[in-house]
Structure formats: structure tokens, C-alpha cells
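A.B. asks: Just so you know, we're using this note's numbering here: the sequence shown kicks off at 5 and counts up by one.
Each residue gets a CB set at the ideal place from its N, CA and C atoms; glycine is no exception.
One structure, pasted below without further comment.
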Amino acid sequence: MISPVLPTYTRAPLSFKKGQGPWLETEAGELYLDMGAGIGTCSLGHAHPKLVAVLEEQARRLWHTSNLYEIPKQACLAEKLVEHSFADTVFFTNSGTEAMELAIKMARKHFSSNGQPERVEIITFEGAFHGRSSAGIAASGGAKMVDGFGPLLPGFKQVPFNDIEAAKAAIGPQTAAILLEPIQGEGGIRAFGDASLKALRALCDKHGLLLILDEIQCGMGRTGKLFAHEWAGITPDIMTIAKGIGGGFPLGACLATEAAASDMVAGTHGSTYGGNPLACAVGCAVMNEITSEGFLIDVSRLAGHLRQGLEGLVADHPEVFEFVRGEGLMLALGCKMPVPDVVNAGYDERVMVVPASDNVVRLLPPLNMSTEDMDEALWRLERAAVALERKADCGNDKGLQA
5 MISPVLPTYT RAPLSFKKGQ GPWLETEAGE LYLDMGAGIG TCSLGHAHPK
55 LVAVLEEQAR RLWHTSNLYE IPKQACLAEK LVEHSFADTV FFTNSGTEAM
105 ELAIKMARKH FSSNGQPERV EIITFEGAFH GRSSAGIAAS GGAKMVDGFG
155 PLLPGFKQVP FNDIEAAKAA IGPQTAAILL EPIQGEGGIR AFGDASLKAL
205 RALCDKHGLL LILDEIQCGM GRTGKLFAHE WAGITPDIMT IAKGIGGGFP
255 LGACLATEAA ASDMVAGTHG STYGGNPLAC AVGCAVMNEI TSEGFLIDVS
305 RLAGHLRQGL EGLVADHPEV FEFVRGEGLM LALGCKMPVP DVVNAGYDER
355 VMVVPASDNV VRLLPPLNMS TEDMDEALWR LERAAVALER KADCGNDKGL
405 QA
């Protein structure tokens, strides 16, 4: 019999009653260190006092009016994002998936309105994850994303990950844009790198294409800059964000230059809930924290500390872990053992990591985590690795006895 909650997730047998910072507490009072931060969403940890305060204040005043009316908090957040990014304008959504839908529509509308309606194709890369809508799965293209959901939305060409020559060869008369995550999240924390981002920007400039960056997971300070593409010294034409911008409250956004967005006029797109007063009040508080003096410097410092600790784990436990990769506080541990075993061993030590493709586990901790809590998480991962080694040794002993 199917459960009341549609069983599209294989859920761990864990539930939590409250959280504080990087810690989560079960009904039984057990404390877990959350090194996944709600899949990179709780950028300031759980129950951050400033976020709680602004949410409570806004909840007492006004929840929702719809986008038929002016929303002051929405305008405030848009101004902050424009001030701190390449963008001239912002549209707010409830999720990253919705932001991606607009990005795709915007790119196609741009060319249609400028006398090139045939330019509808978007080049994407293997291993991408752009949400689970019809457009998102067509853009991502992975078998587990698309099997059983055909026919797929046409207009996407997929090329191998980080293959700039393949992307160049895929450009044709119908190409409108190149779309990528500067660092693939679900794909296993795989970074394109500065040189590739610069090359893709140059390709778009040469062929008159739009560059769309999906920074839903790698943006909002996770790499030590507000947005990951800043490290390469380039700017996109359109960018999607979500996850960390709401600090755990559902919020996403599509940012764009005036040139890319100018044809999205009244009636071309909309959202009933997107950018509501509750979400934008929280988003403003998140932006204030992440853009405050010294915050991103501290993220880079903490990221260096975490990476050093993870490299030590790889060196000390080569039968369990193979490598560390990623940028900032968006890191992956390559696993030699099955990822579910590693995740479950972490649960046994009450530390939470997030599985991803390419046999890695992701570490996406709160950006403001203390060094002491980080060391505690590393110690718990150490214990998880030791337990996995002992289990493997026991299995080998049984095999020899047989």
C-alpha cells in the first residue's frame, strides 16, 4: 500500500524536533551534526536568531498579497542582489526549479523578440542537475532523471562535462545559450574551473549567445565569494539562485542583465507566491549577513580548515576515502566503499553528509559554523571511517574462514 507521503525519496529513519546552528535534535534528545545543511540550504545554520526575528516580525504584519501589488521587502531584496551582482533585474520564485524555468524562457524570448525565433537550443553538460520540471530534466538529461517521463521537451543539446571543444562544436544556427553549474552539485561536486568559465564566456560572446549560470547550490557565499563565477572574473547574462538565499525558507530568484531580460514584459511570466513578504524578509536578513564585513573571509578560512581535515581523513583511511574535491564549503569526499554505507556510518556517529553522483558524499555545512564544531564533525567522520574499516575486516575474515 502506498504511503500518504508519495514515496519518491528513500528517507533515513530520522526525524528532528529542533535545530540550532549546525546541530539537530531528535525527539529522543539525540544530537546530530548537520554537515549537509538541508542540502546547502540552511546557509546560516538552523534557527539563526536574526532570521527568526525578522520572520516572526513579518509574520505578525503580513504574509501574502500576491504580485498584483507592490511588495516593499521584495524591492529591498532585489536592490541588494543587484548591488552585489552583475544583474540589473531580479524575478523571485519559491524554488530553484522555478528559477530555472524562467531562465530558459527568458533566453528563448530574448531571441524570439529580436527576430531570431529559431534560436531555441540550449547547450548543457553531462552530470548537470537543473531541477525536476519538464524543462529541468530535459536540460539535465541523465537517465535516472528522464526515464519514463518522455517525450522530453526539445531544444537541449548535451555535451560531455567540461568539454569546451564539444560545446564549441555543438553551436549552430539554432543555439540560444549555454547553461551550466560552475560547480555541479548532484553531479558529484565537479568544478568547471576558471579557465573553462572564461572560455565559455568567450564562446558566448563570439557567437552572440547567452551564458546562463545555475548557482542554486554553489552560490550565496558557499565558495568564499558571493557567487562562484566571481573567482573566474566573468559574468553571466542570466543566473539562477535558491537554497542559501532563504537560509532554509523557500526562496529562489532569476537574476539577469537588462539586455537579456528586457523582453520579459507584463504577462510573459508570473508567480502567485514568488517573492512574498515572508520569504523576502528572510532573504534580506541572509543577504545582510553574508555581505557583512569579513563574513566571506571567514568562509574561506573555515573552508581551508575543513579541506585540511578531509585530506587527513583520506590519507588515514585510504580503504574508505579516495579524494577531496570542490571549492570553499562545497566539498566532496570520494568514496571507495558504497556511498550508502558511508552515509549510514555517519548516522551511526551522528554526523550527516549528503550523497551525490560519482560515488561521493557532499559536505555543505553552514557558512558560519565554528571551528570547534567543524573539528567535532571531522572527529565523528573519523570514527565512521574506522567503523567501516572494521566491518570490512570482519567480512574479509569470514571470507577466509569459509
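Between the C-alpha atoms of residue 15 and residue 368, what's the straight-line distance to the nearest angstrom?
C.D. replies: If I take the Cα positions, the gap works out to 19 Å.
A.B. asks: Compute the beta-carbon to beta-carbon distance between residue 439 and residue 245, rounded to the nearest angstrom, for a pair I have assumed lies under 8 Å.
C.D. replies: Limits of the chain in this structure are 5 at one end and 406 at the other, which puts residue 439 out of reach.
A.B. asks: Do residue 205 and residue 240 have their CB atoms nearer than 9 Å?
C.D. replies: Taking 9 Å as the Cβ cut-off, residue 205 and residue 240 qualify as a contacting pair.
A.B. asks: If you reduce the DSSP assignment to three classes, tell me which class residue 46 lands in.
C.D. replies: coil
A.B. asks: Let me make sure I understand the geometry here. Which of 355, 385, 361, 393 has the alpha-carbon closest to that of residue 36?
C.D. replies: 355
A.B. asks: From what residue to what residue does the alpha helix (DSSP H) around residue 149 run?
C.D. replies: 147-150
A.B. asks: Do residue 106 and residue 268 come within 9 Å of each other at the CB atom, strictly closer than that value?
C.D. replies: yes
A.B. asks: Inspect the beta-carbon positions of residue 88 and residue 265 and report whether they are closer than 9 Å.
C.D. replies: no
A.B. asks: Taking the Cβ atom as the reference point for each residue, do residue 388 and residue 349 lie within a distance shorter than 9 Å?
C.D. replies: yes
A.B. asks: Whose C-alpha, out of 359, 372, 177, 143, is nearest the C-alpha of residue 13?
C.D. replies: 359
A.B. asks: Closest to residue 191 by CA distance: which of 148, 120, 126 is it?
C.D. replies: If we check each option's Cα against that of residue 191, 148 comes out closest.
A.B. asks: Throw me the rounded Cβ distance for the residue 340 and residue 364 pair, which I believe falls under 8 Å.
C.D. replies: In fact, because the Cβ distance is near 11 Å, the residues do not count as touching under 8 Å.
A.B. asks: Would you list the residues sitting across from residue 4 in a DSSP beta bridge?
C.D. replies: Only positions 5 to 406 of the chain appear in the structure, and residue 4 is not among them; the question remains open.
A.B. asks: For residue 121, which option in 322, 131, 109, 129 has the closest C-alpha, if you only look at C-alpha atoms?
C.D. replies: 109
A.B. asks: On a Cα-Cα basis, can you pick out the residue from 376, 260, 39 that is closest to residue 93?
C.D. replies: 260
A.B. asks: Name the two residues that bound the continuous beta strand (DSSP E) containing residue 334.
C.D. replies: 334-339
A.B. asks: Can you tell me which residues form a DSSP beta bridge with residue 178?
C.D. replies: In the DSSP assignment, residue 178 is bridged to no other residue.
A.B. asks: Among the candidates 316, 188, 140, 330, whose CA atom is the shortest distance from the CA of residue 228?
C.D. replies: Measuring from the Cα of residue 228, the nearest candidate turns out to be 330.
A.B. asks: Quick one: what's got a C-beta closer than 6 Å to residue 315's C-beta in the same chain, skipping five residues either side?
C.D. replies: 328
A.B. asks: For a minimum of 3 consecutive residues, which ranges assigned as the beta strand (DSSP E) are wholly contained in the region 290-338?
C.D. replies: Taken in chain order, the complete beta strand (DSSP E) segments of 3 or more residues contained in the region 290-338 are 325-331.
A.B. asks: Would you identify the three-state DSSP class for residue 373, choosing helix, strand or coil?
C.D. replies: coil
A.B. asks: In this structure, how does DSSP classify residue 272 when only helix, strand and coil are distinguished?
C.D. replies: Assigned with DSSP and collapsed to three states, residue 272 falls in coil, not helix or strand.
A.B. asks: Less than 7 Å between C-beta atoms, sequence neighbours within five positions excluded: which residues of the same chain meet that for residue 311?
C.D. replies: 328, 335
A.B. asks: Rounding to the nearest angstrom, what Cα-Cα distance links residue 69 and residue 385 in this structure?
C.D. replies: 46 Å
A.B. asks: Ends of the alpha helix (DSSP H) at residue 345?
C.D. replies: 343-352
A.B. asks: List the endpoints of the continuous alpha helix (DSSP H) containing residue 87.
C.D. replies: First-last of the alpha helix (DSSP H) with residue 87: 76-87.
A.B. asks: Using C-beta distances below 8 Å, list every residue in its chain close to residue 200, excluding the 5 sequence neighbours before and after it, in chain order.
C.D. replies: 166, 168
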